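Working notes, beginning with the structure itself.
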Amino acid sequence: MNGDEYILEMRNITKTFGDLVANDGVTLRVKKGSVHALVGENGAGKSTLMNVLACLYKQDYGDIVLNGRHVHFRNSRDAARSGIGMVHQEFMLFKDLTVLENIMYGFEEKTAWIFINKRKTKRKIKEICEKYHFNIPLEAKVNDLPVSMLQQVEIVKVLYKGADIIVLDEPTSVLTPQGVEGLFDAIRFLARSGKTIIFITHKLKEVFAVADTITVLRDGRVTGNVRPEDVNENELARLMVGREVMLQADRSARELGGVFLRAEDVSVRDKDGVLRLKHANFDIREGEIVGIAGVAGSGQQQLVEAIFGLSGVEEGGKITFLGQDITRAEPRERRRMGMGYVPQDRLGVGANALGTVWENSIMGYHISHGFKSKVFLRHKEIDEFTGRVVSQFNVKTPNIYEKLGNLSGGNIQKLIVGRESIQDNRLLIVEDPTRGIDVGAVEFVWAKMLEIASSGRAILLVSHELNEVMQLSDRILVVYNGEIFDGGRYQEKNDREIGLLMLGGGESDAG
Ligand SMILES: Nc1ncnc2c1ncn2[C@@H]1O[C@H](COP(=O)(O)OP(=O)(O)OP(=O)(O)O)[C@@H](O)[C@H]1O
Ligand SMILES: [Mg+2]
């Protein structure tokens, strides 16, 4: 083997956490200028391996060879200086600073005079943006930018720090289809310009769209090194989870019951007073999965907040749940009445990374669902409940006392979806239920959603994935510019028709 051929070799990397072997003798060889996909089940060890590369974790055994030379990074700054750039899934930007300030943070051009320093830095960043075709407003506040733009900021940030190898850990899970296309263009261009990309994703279509090479991990070990032209989606899925996976929801026709939830003339303003949801009218019936489609920022967030009670409804609007007027009810009250919620921002709203697995399993329910008997938490019931969530949703954790933040991304997601699904809710509001989970678990969560709906409950599904909305929903509502349009019943419209509605091609209100 010719050492020059690979820009990076990770040889026999082993990384343990206590008894848990997260990487078990993993060897990864990456060619310069390639897009190398790293795929595998939740908890397979992908993020851990990349964290070892970036020296956020120190391996127990194994070597890292960069450009043919053994390297021993002392810390993550050291790794960054050697050309390793990590873009984490949760963006690490300061919201109140400008794009420019974020990019140069900690890496300013060294001059005595701060003013010149900034000008020089800005020129350098501008050059990078031009060279790699990134079009981002350097003086804008990070807070004011859409996610797709923030991701570009993260990429420019690592390029500015001199990255030759750019690691993208599940970069597309927060993007719209348009955002994904833009990112792929950027990835291809970077690779053509000689940068090397390591790309982690759970979406098989994406692997086939951009990767030159694929490495599959399972249970901390490499189970395959393949090229996209040599496998198909089913074979790749099999390599990842070790069994056949249905890449489609298995659904049968269901009877719908009475109206569970009714929204009448519901309008919502955002914190700046802008009307973001305009006179929404719709019903959700027993047994029904109502899917919400729309490009980011169209008003689906406000719709969910209104239904769950996180945003106030404008005068004149009314929300009825199980026959009761809940327009002004607190979220806690709505939970008590049988509403569950899986928020998109799973670590911000849905869970507490510093808490344990069991604490997170009962979060939001400890008061309303009787886990707390006066003063003492009833440990036996909590353990039993947590055990059910963990086993039914296949959450990979050493035990229920583990810190949630130590679980892999997909396992955190499974725990939250599981927690909300197992509760005896009547209406479950779910945002991106399969975000960041592996293909095997997607199959499972989809089946679970359909099972929930057929058991006398209902689901309001909001998803970035149009495919998911189309596969699961009995009825689709498309939100565009704060208005709701009828996206038809199951399979009534195809994805192009729905896509057109999402971009404002509809005329009539769903009513
Ligand atoms: N800091 C840590 N402390 C303890 N265990 C950890 C830590 N980080 C990761 N693990 C464990 O190591 C294993 C591998 O996790 P890792 O995050 O690498 O998985 P992954 O392949 O990235 O999964 P996902 O697709 O869900 O993101 C998991 O079982 C996880 O719980
Ligand atoms: Mg991960």
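In terms of numbering that gives the first Met the number 0, the sequence shown opens at residue 0 and continues consecutively. Using N, Cα and C, we set each Cβ at its ideal position, and we do this for glycine too. All of these numbers come straight from a predicted model, not from anything done at the bench.
What is the DSSP secondary structure of residue i, counted as helix, strand or coil?
i: residue 332; result: helix
i: residue 323; result: strand
i: residue 207; result: helix
i: residue 76; result: helix
i: residue 103; result: helix
i: residue 279; result: strand
i: residue 41; result: coil
i: residue 200; result: coil
i: residue 273; result: coil
i: residue 182; result: helix
i: residue 500; result: helix
i: residue 62; result: strand
i: residue 224; result: strand
i: residue 135; result: coil
i: residue 467; result: helix
i: residue 495; result: helix
i: residue 253; result: coil
i: residue 173; result: coil
i: residue 414; result: helix
i: residue 120; result: helix
Within 10 angstroms of its Cβ, does residue i collect 16 or more other Cβ (buried), or is it exposed?
i: residue 5; result: buried
i: residue 91; result: exposed
i: residue 488; result: exposed
i: residue 60; result: exposed
i: residue 241; result: exposed
i: residue 416; result: buried
i: residue 495; result: exposed
i: residue 490; result: exposed
i: residue 454; result: exposed
i: residue 16; result: exposed
i: residue 474; result: buried
i: residue 420; result: buried
i: residue 423; result: exposed
i: residue 379; result: exposed
i: residue 136; result: exposed
i: residue 2; result: For residue 2, the pLDDT reaches just 42, beneath the cut-off of 50, and the residue's location in the model is therefore unreliable, leaving the point undetermined.
i: residue 493; result: exposed
i: residue 163; result: buried
Going by DSSP, what residue range makes up the beta strand (DSSP E) through residue i?
i: residue 266; result: 258-268
i: residue 458; result: 457-461
i: residue 484; result: 482-488
i: residue 8; result: 5-16
i: residue 292; result: 288-292
i: residue 338; result: 338-341
i: residue 212; result: 212-217
i: residue 19; result: 19-30
For the alpha helix (DSSP H) that contains residue i, what are its first and last residues?
i: residue 398; result: Premise fails: residue 398 is in no alpha helix (DSSP H) and is neither H nor E.
i: residue 305; result: 299-307
i: residue 441; result: 438-453
i: residue 167; result: Segment 164-168 is the beta strand (DSSP E) holding residue 167; no alpha helix (DSSP H) there.
i: residue 237; result: 232-240
i: residue 159; result: 146-159
* the stretch 184-198 contacting the stretch 219-229, beta-carbon criterion three pairs below 8 Å -> no
* Should the stretch 260-277 be regarded as contacting the stretch 477-487, the criterion being three or more beta carbon pairs within less than 8 Å? -> yes
* Asked: Below 8 Å, can you find three or more Cβ-Cβ pairs linking the stretch 353-360 to the stretch 324-339?
  -> no
* Closer than 7 Å: residues whose CB approaches a heavy atom of ligand 2 -> 45, 46, 168, 169, 199, 407, 408 and 409
* To do: Report yes or no: do the stretch 381-390 and the stretch 279-290 share at least 3 C-beta pairs separated by less than 8 Å?
  => no
* To do: Could you tell me whether the stretch 227-239 touches the stretch 50-64, using the rule of 3 or more Cβ pairs below 8 Å?
  => no
* Asked: Does the count of Cβ pairs from the stretch 204-211 and the stretch 403-419 closer than 8 Å reach three?
  -> no
* Are at least three pairs of beta-carbons, each pair with one atom in the stretch 240-257 and one in the stretch 421-441, less than 8 Å apart? -> yes
* Segment contact, 8 Å Cβ cut-off, at least three pairs: the stretch 73-80 with the stretch 35-47 -> no
* Is the stretch 22-32 in contact with the stretch 175-182, if contact means three or more CB pairs nearer than 8 Å? -> no
* Could you tell me whether the stretch 85-101 touches the stretch 155-170, where touching means 3 or more Cβ pairs closer than 8 Å? => yes
* State whether the stretch 122-129 contacts the stretch 63-71, with contact taken as three or more CB pairs (one from each stretch) at a distance under 8 Å. => no
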